[in-house]
């Protein structure tokens with residue numbers, strides 16, 4: 015590295031070192047050497063004392079802080095400082111040679127900062143990417159050549175993000191995106207790039223596939239137009255298939271094998287994306303299935319795969335439990351790397367797609383359509399992004415706490431909110447808990463242990479036979495830092511929450527191999543009504559009543575929904591009675607779900623009592639079995655019987671009123 019660390023503060027040096035050794039390796043690239051990219055960014059950040067140098071260093075340290083500690087005040091303050099410094103810079107046309115490179119590096123680091131937060135929480139990354147492209151677009155070719163060797167590395171990084179932005183914006187927007195970036199500029203060319211030729215060609219072919227998918231001028235109004243376009247797609251398909259993937263030389267043969275396999279996986283993913291988007295024109299089901307089989311044969315061979323594009327596209331093809339497990343295993347292996355960014359959002363999307371596959375009951379719905387739809391409550395029907403319409407007698411909105419269905423029903427967005435609680439989780443390998451260790455007894459399979467203390471509570475239990483899971487739910491208050499999904503946390507941070515608690519907990523934390531993560535707990539506002547007035551739509555599960563995990567009743571409440579709903583519809587219910595059936599369902603389930611919610615909040619508060627009279631009263635009550643009644647009420651409830659009784663009571667009341675149900679099917 016070419017800098018004088020004595021000129022930096024201790025905190026700056028620490029974050030800079032972390033960026034070089036760890037965080038830079040998580041930057042999203044393909045075919046680019048992350049170590050070389052990290053070194054290039056550090057050189058740019060520490061190059062001179064100009065007004066354009068400051069934001070690079072600030073953005074670099076913001077990214078390092080985010081990667082190390084998650085989304086918290088230090089990372090946000092450094093990001094804001096970088097934006098402030100960036101705002102003071104001259105505009106693109108007046109940037110000099112050195113300032114051009116520094117401005118571009120700042121923009122890409124801020125783009126990466128947004129992407130690492132998770133696509134579900136931040137949509138600003140395309141703006142930073144567009145700004146970087148504008149900076150390079152204002153340069154002359156001569157200026158680019160004057161930027162030195164680092165420009166090629168940075169251009170390759172921009173090129174990769176540019177192409178994947180085209181896929182992402184097209185993929186997640188109904189009917190394509192009006193903001194789809196233009197095709198990569200002439201600056202991104204083989205003569206400048208340091209990418210291996212197959213990867214450079216692959217990215218350009220993916221960009222061309224995006225152009226084909228997004229084109230609104232497909233000449234399908236004549237038979238000749240259809241034929242010409244089909245020929246174009248077949249040539250594009252042939253060009254992708256014809257790419258030769260060479261064995262990549264590497265001192266580490268395992269890394270070499272992984273690089274080659276990832277390139278093969280990328281090639282197959284592009285083919286599948288093209289085939290699925292144009293399966294009405296590219297009619298080759300046998301070849302498509304062969305590509306799917308090849309992809310799933312590669313997954314178990316991979317040590318990891320940092321590139322989310324092939325995981326997403328191939329994951330959407332997983333139909334069997336074995337295939338889905340293969341995808342999740344690759345994600346798990348990748349996330350265990352300290353240099354990996356979280357793939358939690360990618361995993362959630364795939365699980366949503368798989369749920370749709372399981373529910374469509376044989377209907378062939380493309381993966382783009384599964385993720386973008388409109389609900390007609392009165393029909394009732396669902397219109398997918400490809401304008402296909404699926405009609406039904408009843409629609410169930412079961413899409414989780416971040417429910418899109420709930421927002422549509424309410425007529426406004428209704429995102430989960432944080433009440434100020436966080437979860438710390440420590441995974442302790444049981445093989446490292448030696449006999450005689452203070453926590454030896456906790457290794458028993460049937461052992462679930464519970465600790466209560468000021469501000470929170472801890473639960474321990476075994477998972478997968480070889481991991482002891484230690485979970486702390488702690489109240490930090492409404493002003494705490496919000497983290498969407500698990501973020502790495504320092505073990506000392508966990509220790510600070512349980513000072514003077516049971517020594518066994520502290521001994522557990524000290525077991526070698528323990529890994530700590532942290533995330534924010536969310537809950538939804540209590541929904542006033544779960545059903546639409548049409549009587550043909552109802553929310554169920556977390557979409558209707560997501561709760562905190564302090565009573566272990568989240569999944570149980572979804573099962574109770576299913577039990578009541580199944581019991582009602584297992585009896586004769588005519589189409590004209592569906593609105594009545596949903597009303598009865600809500601009358602049975604909503605009060606109980608509300609009671610469980612309030613009991614959960616009461617339990618959370620009780621678990622977190624500070625030492626004193628309240629805590630002593632709680633302990634005495636627990637010793638006397640004061641909670642037995644609560645758990646009998648929870649566990650002895652028969653959801654199916656409640657549903658049957660309620661529906662029978664409704665039918666009897668209708669008969670008393672002289673109304674005989676019609677069972678039209």
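Numbering (this note's numbering), first residue to last: 15 to 679.
Don't be surprised by glycine CBs; every beta carbon is placed ideally from N, CA and C.
Cα-Cα separation, residue i to residue j
i           : j           : result
residue 235 : residue 295 : Residue placement at residue 235 is poorly supported in this model, since its pLDDT is 49, which falls under 50; the coordinates still yield a value, given next. Cα to Cα, the separation comes out at about 14 Å.
residue 440 : residue 473 : 11 Å
residue 606 : residue 654 : 14 Å
residue 409 : residue 372 : 15 Å
residue 249 : residue 218 : 15 Å
residue 680 : residue 37  : What is shown of the chain runs 15 to 679, which leaves residue 680 out entirely.
residue 330 : residue 574 : 29 Å
residue 664 : residue 415 : 31 Å
residue 545 : residue 604 : 11 Å
residue 319 : residue 272 : 8 Å
residue 94  : residue 542 : 39 Å
residue 27  : residue 53  : 15 Å
residue 620 : residue 565 : 12 Å
residue 392 : residue 548 : 6 Å
residue 659 : residue 588 : 18 Å
residue 231 : residue 225 : Because residue 231 carries a pLDDT of 43, less than 50, the predicted location of this residue cannot be relied on, and no value is offered for it.
residue 292 : residue 299 : 12 Å
residue 171 : residue 43  : 6 Å
residue 406 : residue 395 : 6 Å
residue 446 : residue 524 : 10 Å
residue 228 : residue 482 : 49 Å
residue 163 : residue 175 : 20 Å
residue 342 : residue 357 : 10 Å
residue 520 : residue 281 : 49 Å
residue 308 : residue 247 : 22 Å
residue 501 : residue 87  : 14 Å
residue 180 : residue 77  : 23 Å
residue 75  : residue 531 : 21 Å
residue 554 : residue 389 : 16 Å
residue 182 : residue 315 : 27 Å
residue 129 : residue 138 : 9 Å
residue 317 : residue 71  : 33 Å
C-beta contact flag for residue i and residue j at 9 Å
i           : j           : result
residue 527 : residue 442 : yes
residue 582 : residue 556 : no
residue 168 : residue 212 : no
residue 177 : residue 221 : yes
residue 69  : residue 96  : yes
residue 100 : residue 89  : no
residue 119 : residue 150 : no
residue 325 : residue 284 : no
residue 411 : residue 419 : yes
residue 465 : residue 516 : yes
residue 450 : residue 491 : no
With 16 other Cβ atoms within 10 Å as the buried cut-off, status of residue i
i           : result
residue 672 : exposed
residue 510 : exposed
residue 344 : buried
residue 462 : exposed
residue 245 : exposed
residue 82  : buried
residue 624 : exposed
residue 649 : exposed
residue 363 : buried
residue 19  : Because residue 19 sits at a pLDDT of 46, beneath the cut-off of 50, its placement in the model cannot be relied upon, and the following sentence gives the value as read from the coordinates. Classification of residue 19: exposed, given that the 10 Å Cβ count is below 16.
residue 348 : buried
residue 514 : exposed
Enclosing alpha helix (DSSP H) for residue i [first to last residue]
i           : result
residue 318 : Segment: none, residue 318 is in no alpha helix (DSSP H) and carries neither H nor E.
residue 577 : 568–583
residue 146 : 139–151
residue 438 : Careful: residue 438 lies outside any alpha helix (DSSP H), inside the beta strand (DSSP E) at 435–443.
residue 84  : Unbroken run through residue 84: none, as it is neither H nor E.
residue 216 : 211–228
residue 302 : 299–312
For residue j and residue i, believed in contact at Cβ under 8 Å, the rounded distance
i           : j           : result
residue 505 : residue 535 : Contact doesn't hold; Cβ gap of about 20 Å is too wide.
residue 487 : residue 470 : 5 Å
residue 413 : residue 421 : So it is not a contact: roughly 10 Å between Cβ atoms.
residue 437 : residue 367 : Residue 437 to residue 367, Cβ: 26 Å. No contact.
residue 610 : residue 585 : With a Cβ gap of about 26 Å, residue 610 and residue 585 do not count as contacting.
Where the beta strand (DSSP E) containing residue i begins and where it ends
i           : result
residue 600 : Not the beta strand (DSSP E): residue 600 falls in the alpha helix (DSSP H), residues 592–621.
residue 475 : 470–477
residue 454 : Unbroken run through residue 454: none, as it is neither H nor E.
residue 529 : 529–534
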